[in-house]
Every structure is written in C-alpha cells, then in structure tokens.
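Q:
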Amino acid sequence: MKHTSLSILALASVATALTGMPASAQELERGETVLQRRRPEVEQLGVRAGSFNFLPRLELGETYDSNVFLTERNTQSDWIFVARPSLDIRSDFSNHALNFSASGDFGRYHRFSSENYTDYRLDLNGRYDIARETAVSGDVFHRRLHEGRSDPDVFTVGQGTFGIGSYAEPVTYYATGGEAALTQSFNRIRARLSATAVNYSYNDVATVGGPKANLDDRDRWEYGTALRVGYDLGTGIQPFVQGSYTRTNYRLSADFAGRNRDANGYEFVAGTTLDLTGLITGEVYAGYLTKKYSDPRMDDFGGLAFGGQLNWAVTQLTTISGRASRSVHESDLTQGGRVASSYARSIAALGVDHELLRNLLLNGRLQWRQDDFSGVDRTDNVYTAGAGATYLVNRYLYLTGGYTYETRKSNVNGLDYKDNLVFLRVGTQL
C-alpha cells in the first residue's frame with residue numbers, strides 16, 4: 002500500500018459485542034512478545050504433508066482513504082477493496098530447514114482505478130546444518146511491488162497538484178535476488194558472513210496529458226557483503242562489530258540527465274544484543290555510513306548510521322517495542338534543475354501491544370520518518386499514528402482492522418499532506 006505499514010484499527014463497537022477467553026495468559030517465553038506468544042486454542046494448524054506443513058490464508062476487506070493522491074489541496078477520497086492471499090510451507094526436519102512462501106496484495110479502488118495495484122512476493126529459503134556450530138543458509142526471492150503516492154521519488158508537476166507531466170499511476174517494479182550466508186561459532190565467538198545480490202527492474206509509467214515516462218535509467222543491480230562478529234558474555238549481552246560493503250551498478254551507463262549513478266557504499270557499526278532477565282530483549286548499534294558515486298557531479302553521502310529494536314515485556318499481557326534506523330536510498334528526484342543522488346532515511350517508532358483477552362489483541366503505533374536528500378534542498382518529515390485490534394474468532398477465522406493518521410511536513414512548498422486511513426478485514430486460514 003501507499004503508506005508505511007502500521008497495522009491498526011478501532012474495533013471498539015465490535016469488541017463490546019464479543020465475548021472471549023479472559024487474558025489469564027500463558028507465560029511469555031524468554032524474549033517473546035505478546036503478539037508472538039503461542040495460543041494453541043486458536044492458532045493456525047495448517048495441512049501436513051510428510052515433513053512439511055502447508056499454511057494457507059486469505060484476507061478480504063475494505064479500506065477508506067481520505068486523501069488518495071496525498072495532495073496538500075483538493076484532496077480526493079476513495080474506498081479500496083483489498084485481497085491478501087498467502088501460502089507458507091514450512092519444514093520440521095530435526096536438522097536443516099527448507100521453507101517457501103507466496104503472498105499477494107491486491108487493491109482495487111472504487112473511483113480511481115488508475116491507483117489499482119497488484120503486488121506479489123515469492124520466497125524460498127533454507128538452512129543446512131554442517132555441524133552443531135556451523136551452518137550455511139540461502140534465500141532467493143522474486144517480488145512485484147509498487148511505489149505509493151507517499152514515496153519521495155513519485156514525480157509531480159505543480160507543487161503536488163498533479164499537473165501535466167505528473168505520474169498518472171503508481172510506479173511498478175520487480176525485485177529479484179538472494180542471499181547466501183555462513184554462520185560459525187567458536188566457543189563464545191559468533192560470526193556471520195553474508196553476500197547479497199538484488200536486481201531492480203522498473204516499468205514505464207503513464208503521465209498526465211503526456212506519453213509514458215521511461216524509467217529504464219532506474220534499473221540496477223545492488224550487491225553487498227557483510228561480516229558480523231560477536232562475543233557472548235554469558236550475561237544476556239553479546240557485543241558485536243559489523244562491516245559491510247555495497248556496490249550499485251545501473252543498467253545504463255548514464256541516466257537520462259547524463260550522469261553515471263554507479264556507487265560504492267561502506268558501513269561500519271558496533272553494538273550489542275540484549276537479554277536482560279527476559280524482560281528487555283533486542284539489539285542496538287551505531288557507526289558510520291558512506292556512499293560515493295562514480296560521477297563527480299553526484300553528491301556523495303557520509304554520516305551517522307544507527308539502528309536497533311528493543312522489546313520490553315511490561316507485564317505478561319503488554320509489550321512495548323521501540324525501533325530506530327538510518328539508511329541511504331537511491332533517488333532520481335529532480336528539483337530546480339538539480340538531480341538528487343540519494344536520500345538518508347531516519348526512522349524512530351514506538352509500539353504497544355496488549356492482550357485484552359486471549360483472543361482479542363490491541364495495538365498502538367507512533368512513528369517519525371525523515372527523508373533528507375543529497376544534491377537538492379529537500380527534507381521531509383512524516384509523522385504517523387495509529388491504533389488497531391485483531392479478534393481471533395477461532396483457529397479458522399479472525400477479524401482485524403485499524404485507523405492510521407499520517408502527515409508530511411516538507412521544506413518544499415506544496416508537498417505537505419494529511420491523510421486518514423480506516424480498514425477492516427476478515428481473514429480465514431486452515
């Protein structure tokens with residue numbers, strides 16, 4: 002969908018009419034959150050075939066969007082029919098693992114059919130246990146995705162009012178790639194070496210009152226390798242250091258503005274994983290991140306890198322989660338005759354999950370996101386808040402829904418917006 006995903010709803014009117022099992026809660030496992038806790042009486046069973054378990058699921062529902070095009074003025078609202086089928090196939094070998102997943106996210110707008118989207122994801126991953134302390138793993142995937150109207154690279158003319166030349170539909174693209182990794186333990190030392198490769202291929206996109214925009218200059222390969230080494234102190238704390246290298250190779254030797262966008266990136270961070278009596282778990286890290294472009298006309302990036310997630314089991318029924326990250330993303334934004342090379346995205350989010358009943362889960366989310374562009378004078382701050390609930394009717398049926406409010410504040414005139422989303426979906430599973 003077009004927004005950062007923050008699950009959410011207000012089922013207040015539904016919840017009051019529902020009866021459920023009291024939240025006497027089975028004990029949380031060490032490091033487990035309220036949402037991850039097993040609920041044997043309502044959890045999905047799947048269909049077993051030999052050493053594999055097939056877990057099909059389907060969600061259907063409606064979403065109301067108060068500002069479909071995310072404009073500052075002349076907002077347009079619409080209802081969206083959403084279908085989300087999925088299939089997970091999981092192995093239960095005593096050693097090794099082999100898993101497959103396929104999922105779709107299909108949206109059909111009642112009024113603005115130009116905004117319809119058809120996304121899907123295919124993923125195959127596995128692990129081979131060479132020895133008790135040595136394993137190799139692999140992951141290959143193929144995805145069809147779209148860029149929502151909130152994406153900073155979505156092209157508009159006329160300060161966000163979608164004048165002639167603006168994109169008339171969502172940008173669609175394919176991401177295909179994989180990862181191979183080796184993990185090794187040496188007494189208290191834990192090490193992981195990985196390599197990744199991802200290909201991005203963009204489709205041409207229709208424009209308002211004009212021909213299709215050719216996006217071939219966004220097609221690229223992104224390669225990466227990373228080494229992480231940690232030391233287990235045996236007290237629930239495992240300090241680590243990690244270094245990574247990325248290489249971006251564009252399919253065209255120059256973009257349509259005549260610039261070579263190939264780049265090299267480096268990141269060096271230090272941090273620690275945490276497990277404090279099982280109540281606070283997660284990891285945090287910080288360091289330095291840099292990205293250098295082949296074309297001297299493209300602005301390089303260098304600055305602070307940070308990230309992590311912490312989960313706090315406040316009680317057996319309530320979990321508070323915090324998440325933060327900073328990363329660099331490719332950009333083809335053109336503004337005032339200048340071309341952006343990239344943007345640094347910083348995110349800080351806080352979430353609360355509460356088990357009101359064994360089969361009624363409530364959640365709330367707050368998030369701040371900043372996109373700071375290199376090469377052009379643009380900084381966006383996006384604030385998101387939401388609340389929601391999931392009601393587990395039985396192991397075959399559930400209801401979920403939520404409300405999200407999002408607003409963007411930009412230093413570029415005409416790019417601010419406010420948006421309200423309300424959704425309600427019914428899910429069925431075997």
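Residues in the sequence shown are numbered consecutively from 2, following the working numbering.
Here a beta-carbon is modelled for each residue, glycine too, at the ideal position from N, C-alpha and C.
Going by the DSSP bridge assignment, what does G402 pair with across the sheet?
A: Bridge partners of G402 according to DSSP: A390 and L425.
Q: If you measure between the beta carbons of P240 and D381, is that distance less than 8 Å?
A: no
Q: When you compare the CB positions of N200 and G178, do they come within less than 8 Å of one another, or not?
A: Between N200 and G178, the gap from beta carbon to beta carbon is short of 8 Å.
Q: Going by DSSP in three states, R219 sits in which element: helix, strand or coil?
A: helix
Q: Please name the residue or residues paired with A314 in a DSSP beta bridge.
A: T320
Q: Can F302 and S347 be called in contact, C-beta distance under 8 Å?
A: The answer is no: Cβ separation not under 8 Å.
Q: Between which two residues does the beta strand (DSSP E) harbouring D372 extend?
A: Note, D372: beta strand (DSSP E), L361 to S375.
Q: Would you kindly report the start and end of the unbroken beta strand (DSSP E) that includes D276?
A: A264 to L277
Q: Measuring alpha carbon to alpha carbon, tell me which of G32, L46, R38 and Q37 ends up nearest L398.
A: L46
Q: Comparing C-alpha positions only, which one of L234, D233, A388 and Y246 sits nearest to A227?
A: Y246
Q: Measure how close the beta-carbons of K410 and D420 come, nearest whole angstrom, since I'm counting them as under 8 Å.
A: No, K410 and D420 are not in contact; Cβ-Cβ is about 13 Å, not under 8 Å.
Q: Measure how close the beta-carbons of G283 and G309 come, nearest whole angstrom, since I'm counting them as under 8 Å.
A: 6 Å
Q: Give me the residue from G415, D89 and T135 with the minimum Cα distance to R74.
A: G415
Q: K292: buried (16+ other C-beta within 10 angstroms of its C-beta) or exposed?
A: buried
Q: Counting C-beta neighbours from all protein chains within 10 Å, is the total for Q336 16 or more, i.e. buried, or is it exposed?
A: Around the beta carbon of Q336, fewer than 16 other beta carbons sit within 10 angstroms, so the residue counts as exposed.
Q: Which of the three DSSP states is assigned to S114 in this structure?
A: helix
Q: Which residues mark the beginning and the end of the beta strand (DSSP E) in which N250 is found?
A: I238 to Y251
Q: Please check the pair I81 and G108, which I expect to be a contact at CB under 8 Å, by giving their CB distance rounded to whole angstroms.
A: 5 Å
Q: Over the uninterrupted beta strand (DSSP E) stretch that includes N54, give me the two end residues.
A: F53 to D66
Q: Can you tell me where the beta strand (DSSP E) holding Q45 begins and where it ends?
A: Run containing Q45: none; DSSP gives neither H nor E here.
Q: Which residue's Cα is closest to the Cα of Y65: L431, Q430 and F424?
A: F424
Q: Are N250 and D263 touching if we call contact CB-CB under 8 Å?
A: yes
Q: Classify H330: buried if its beta carbon has 16 or more other beta carbons within 10 angstroms, exposed otherwise.
A: exposed
Q: Return the Cβ separation of R426 and T401 in integer angstroms, given the expectation that the two are a contact with Cβ distance under 8 Å.
A: 5 Å
Q: With a CB to CB cut of under 6 Å and the five nearest residues on each side skipped, what residues in its chain are close to P86?
A: Answer for P86: L59 and G105, listed in chain order.
Q: From G51 to S92, what distance separates their C-alpha atoms?
A: A straight line joining the alpha-carbon of G51 with that of S92 spans about 9 Å.
Q: I'd like to check one pair, M299 with R252: are the Cβ atoms closer than 8 Å?
A: no
Q: What's the gap between the Cα of D124 and the Cα of Q37?
A: 22 Å
Q: Where does the unbroken beta strand (DSSP E) through S343 begin, and where does it stop?
A: S343 to L358
Q: Should F187 go down as buried or exposed, given a rule of 16 or more other Cβ atoms within 10 Å for buried?
A: exposed
Q: Taking its Cβ as the centre, do 16 or more other Cβ atoms sit within 10 Å of G338, making it buried, or is it exposed?
A: exposed
Q: Let's see if you can read the secondary structure: which residues bound the beta strand (DSSP E) around V141?
A: T135 to E148
Q: Roughly how far, in whole angstroms, is the beta-carbon of A136 from the beta-carbon of T184, given that I think they are within contact range, below 8 Å?
A: 5 Å
Q: DSSP has G84 in a bridge; who is on the other side?
A: Residue identity check: residue 84 is Ala in the sequence provided, not Gly. Answer is L61 and F107.
Q: Which residues in the same chain as A196 place their Cβ atom closer than 6 Å to its Cβ, once the five residues preceding and following it in sequence are excluded?
A: A181 and T226
Q: Measure the Cβ-Cβ separation of G139 and G127 and say whether it is below 8 Å.
A: yes
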